[in-house]
Structures are given as structure tokens and as C-alpha cells.
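Going by the numbering used here, the first residue of the sequence shown is number 139, and it counts up by one from there. These notes concern the structure reproduced below.
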Amino acid sequence: MRVIVGSKNPAKVAGVKRAFSSFFGDVEVESTEAESGVGNQPFNGETILGAVNRARNAYRKGFDFSVGVEAGLFEFPHTLTGYVDFQVACVYDGERHTLGFGPGFEYPPQVVRDVLSGREVGEVMAELTGIENLGKRFGAIGFLTGKRVVRSDLTEIAVTMALIPWVNRDLYGIEP
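See the structure below:
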């Protein structure tokens with residue numbers, strides 16, 4: 139099986155590879171830059187659209203699937219900050235796409251305030267932690283959990299959720 143990921147981010151590519159390998163065994167995964175069509179810091183439905191656009195824009199003949207992954211803030215009541223970060227994955231076969239979400243978490247209140255004023259999470263977290271390229275390594279989640287959960291884990295879970303219809307084709311009416 140051949141899969142192309144609409145991102146060069148090593149954490150995203152690693153998570154995609156683990157998710158596909160867990161179902162399909164030996165999987166060849168390549169990566170390419172793919173436009174999301176949304177802002178650098180997506181919110182709510184923009185996050186989903188970004189994942190879908192990345193998957194569609196990455197798709198190439200010769201690949202069984204393309205994958206788009208986008209992280210963004212979703213408004214949520216009953217939270218400390220009013221927002222929860224989710225990683226969204228889209229798996230696309232050239233005709234159909236399926237979606238999956240990773241576990242959500244809250245950023246510290248100051249991070250959310252800065253993001254709402256127009257800054258990107260990555261920039262704010264780099265200042266807060268002193269770690270450059272945090273999102274390409276273990277991610278903000280890795281910092282906040284003491285590396286108990288890292289960004290590639292969130293990607294793996296989101297992609298696994300998006301793969302559910304593909305590995306249960308009969309239940310979802312998807313022809314092989």
C-alpha cells in the first residue's frame with residue numbers, strides 16, 4: 139500500500155505511518171507539501187476544511203490514499219479557556235474522504251489569549267517553552283504532558299479514527 143501525506147512535518151508523517159501500518163502491515167509513506175486553504179491558525183470548521191484540502195491537494199495517481207492532518211482550536215463551553223485543540227485527519231482515496239479526530243486538550247490561558255489576538259500557537263508555545271520547532275518534534279502536547287503523549291501520537295489516533303470506515307468497508311458500504 140502506498141500513502142502520501144500532505145505535510146513534510148516529521149511528527150505528522152510518523153503518526154500516519156504508524157496508523158496505516160497497524161491495519162495494513164508494510165506501508166510505503168511519502169510526504170509532500172499540500173496547501174490547506176485555511177489560515178495558519180485555524181479555528182472550528184476551518185480545521186476540518188484544512189485537513190480535507192491537504193488530503194485532496196496531496197493526492198496523486200499511484201497512491202492508494204492521501205492524508206491531510208490539521209490542528210486547530212475549537213470553541214467549547216465548560217472549559218478553562220473556551221477552546222480545545224484537536225488534530226483532525228482526512229483520509230482520501232481519490233473519490234471519498236473520511237475524517238477522524240485525535241484527543242483534545244486545552245492550552246494554558248495565556249496561549250489562548252495570544253492566539254485570539256492573532257498569533258499562532260507554535261510561535262506562542264516556542265516563546266513559552268524556549269523550544270524552537272516544537273510542532274515538528276514532540277509538539278505542545280509533548281511539552282504539556284512531559285512527553286507522555288507527543289504530537290505523532292495525536293496524529294496516529296486521528297488517522298486511526300479516519301481509517302475506521304476503510305477497515306470496516308462492509309459496515310460503511312464502501313466497495314473494495
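Every residue, glycine too, gets a C-beta built ideally from N, C-alpha and C.
- Sorting Phe214, Tyr197, Gly284 by C-alpha distance to the C-alpha of Ser169 places Tyr197 at the top.
- For the pair Asn195 and Ala209, the CB atoms are not nearer than the 7 Å cut-off.
- From the listed residues Ala227, Lys146, Ile279, the smallest Cα separation to Val207 is found for Ala227.
- Under the three-state reduction of DSSP, Ser290 is assigned to helix.
- With respect to the C-alpha of Asp223, the residue from Phe201, Leu237, Val249 having the closest C-alpha is Val249.
- CA-to-CA, the gap between Pro314 and Gly144 works out to about 24 Å.
- Counting only runs of 4+ residues, the alpha helix (DSSP H) found wholly inside the region 190-260 occupies 247-254, in chain order.
- Beta-carbon to beta-carbon, Val288 and Gly277 are separated by about 6 Å, close enough to satisfy the 8 Å threshold.
- With the rule of 3 Cβ pairs closer than 8 Å, the region 290-301 counts as touching the region 147-166.
- Counting along the chain, the unbroken alpha helix (DSSP H) around Ile279 starts and ends at 277-282.
- Take Asn178, set aside five residues on each side of it, and the residues of its chain with a beta-carbon closer than 6 Å to its own are Glu258, in chain order.
- The beta-carbon separation of Val205 and Val154, rounded to 5 Å, stays under the 8 Å limit for a contact.
- A direct Cα-to-Cα measurement between Gly256 and Asn147 gives close to 23 Å.
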